[in-house]
Amino acid sequence: MDRELELELLDELISLDQEKLAYLDEDIALSPVEHYCDPDHFAQEHDRVFRSYPQIAAHCSELPEPGSFLRRDLAGLPAFLTRDRDGQVHAFLNVCRHRGARLVEDEKGCKHSFSCPYHAWTWSNTGDLRGVPHQKQGFPDLDKSKYGLIRLPCSEISGWIWVVPNPKSSFDIAAFVAPAAADFAWLDGGNLRMGPSNQITCAANWKILLEGGIEAYHFRVAHKDTIGPFFPDNLSSYRMMGHHMRSVLPRVTIGDLHSRPRDSWNIRDEANVLYTFFPTSQFLVQQDHLIWIRTEPLAADQTRLTLTTMVPADAPTDLDAHWQKNHQITMHTLSEDFDIGEAIQSGLASGANDALTFGRYEGALTQFANMMAQAVSDPAA
Ligand code: FES
Ligand SMILES: [Fe+2]
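Everything in the sequence shown is counted per numbering that gives the first Met the number 0, starting at 0 for the first residue and increasing by one.
And the structure:
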């Protein structure tokens, strides 16, 4: 984001805070309960959204040098990523083209070619078939060019590696990311490295967990014993950036910001900035680090989350204990949200509600639900 926008976002929240007003949408909205618990609805989301839209699959530091590779399941597809001699990143299905064995077993490493553990067909890290043992007799007319690894659309943008988990897709990843390009530049992802990381599985629909992050209405209640007192009651704003969203969740320090020199204002000091990159990637940006939340919807009522604290690449290692402490605080706070999410999920099928109700404070939830509804009904849009 540029400086002008940073100040605009702060000015908007300062004046709402001073007037004790909330950031309001026009209307309340209803979100049908079956969108959170119906397996058929989940199957539609899976096919039309998770398997159709790009997701942030990796950070550039996970493929640090030519020859680096990384295994990663993407929306249930076995895949792996490579970095070739020229520094280009590729994504492939992790499936042998001979008789379908899993080609890459190691989670990560450095290799310029990959040999199948079954019969040793071998591919370069650019996906070209290089070797077939006993080819002359066994496969006399084999056209190796037709047996390249199956490629997934992939782009490295501002330090983040985006992949569409669909080999038939022609999705324009750059155009999809473009509305958030200035924010990616601001976040400077290429100069981050991975800090502490946790993976958890939650017995709740992925949208319940996501929705809990993009409103501040619950802060003073659900987080009263942790972060609640550091945030003004029920104050946040959001802006859409194409499919993506930037939410700003100010801290109580915004209350006297107007009395400090405007030149010194820094949104990262005064607010949590939460990015939701449609559909399942989020960055929670804090003062000196950000938390990358990778959401993997496993079933209507089950979600795996990987939360990684990303820190400045040049931060000295004696700060590691500081990142670790921050990471634990984040995990503890988010566990309050996840516990509530699991409780919501357990009551969804009770018949108490036909729909969840989003108030005018919760417009970001409505926007996200609308984006999902559009993607599910018209995957090409
Ligand atoms: S299945 Fe991979 S070489 Fe045969
Ligand atoms: Fe929360």
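Idealized CB from N, CA, C, for every residue including glycine.
As assigned by DSSP and simplified to three states, the class of residue i
| i | result |
| --- | --- |
| residue 284 | strand |
| residue 271 | strand |
| residue 340 | helix |
| residue 114 | strand |
| residue 19 | coil |
| residue 27 | coil |
| residue 369 | helix |
| residue 359 | helix |
| residue 103 | coil |
| residue 194 | strand |
| residue 314 | coil |
| residue 202 | coil |
| residue 90 | strand |
| residue 354 | strand |
| residue 320 | helix |
| residue 330 | helix |
| residue 303 | strand |
| residue 298 | strand |
| residue 293 | strand |
Ligand 2 heavy atom lying under 6 Å from the CB of residue i
| i | result |
| --- | --- |
| residue 336 | yes |
| residue 211 | yes |
heavy atom of ligand 1 below 6 Å from residue i C-beta
| i | result |
| --- | --- |
| residue 129 | no |
| residue 146 | no |
| residue 35 | no |
| residue 133 | no |
| residue 122 | no |
| residue 101 | no |
| residue 117 | yes |
| residue 326 | no |
| residue 97 | yes |
Whole-Å CB distance - residue i paired with residue j, under 8 Å assumed
| i | j | result |
| --- | --- | --- |
| residue 413 | residue 28 | The first residue shown for the chain is 0 and the last is 380, placing residue 413 beyond what the model contains. |
| residue 0 | residue 185 | 5 Å |
| residue 82 | residue 108 | That belief does not hold up - the Cβ atoms of residue 82 and residue 108 are roughly 12 Å apart, past 8 Å. |
| residue 152 | residue 92 | So it is not a contact: roughly 12 Å between Cβ atoms. |
| residue 335 | residue 221 | 6 Å |
| residue 162 | residue 286 | That pair is no contact at about 30 Å. |
| residue 216 | residue 11 | Residue 216 to residue 11, Cβ: 18 Å. No contact. |
| residue 311 | residue 302 | At roughly 29 Å, the Cβ-Cβ gap does not stay under 8 Å, so residue 311 and residue 302 are not in contact. |
| residue 207 | residue 5 | That belief does not hold up - the Cβ atoms of residue 207 and residue 5 are roughly 31 Å apart, past 8 Å. |
| residue 352 | residue 32 | 6 Å |
| residue 281 | residue 212 | 7 Å |
- [ ] Any chance you could list the beta strand (DSSP E) runs of at least 3 consecutive residues sitting entirely within the stretch 32-87, in chain order?
- [x] 54-58, 67-73, 76-82
Open item on the list: I'd like the ranges of any alpha helix (DSSP H) spanning at least 4 consecutive residues and lying wholly in the stretch 208-282.
Closed with: 218-221, 266-269
Task: Minimum length 3: unbroken beta strand (DSSP E) runs contained in the stretch 107-188 - done: 107-109, 112-114, 121-123, 128-130, 153-156, 159-162
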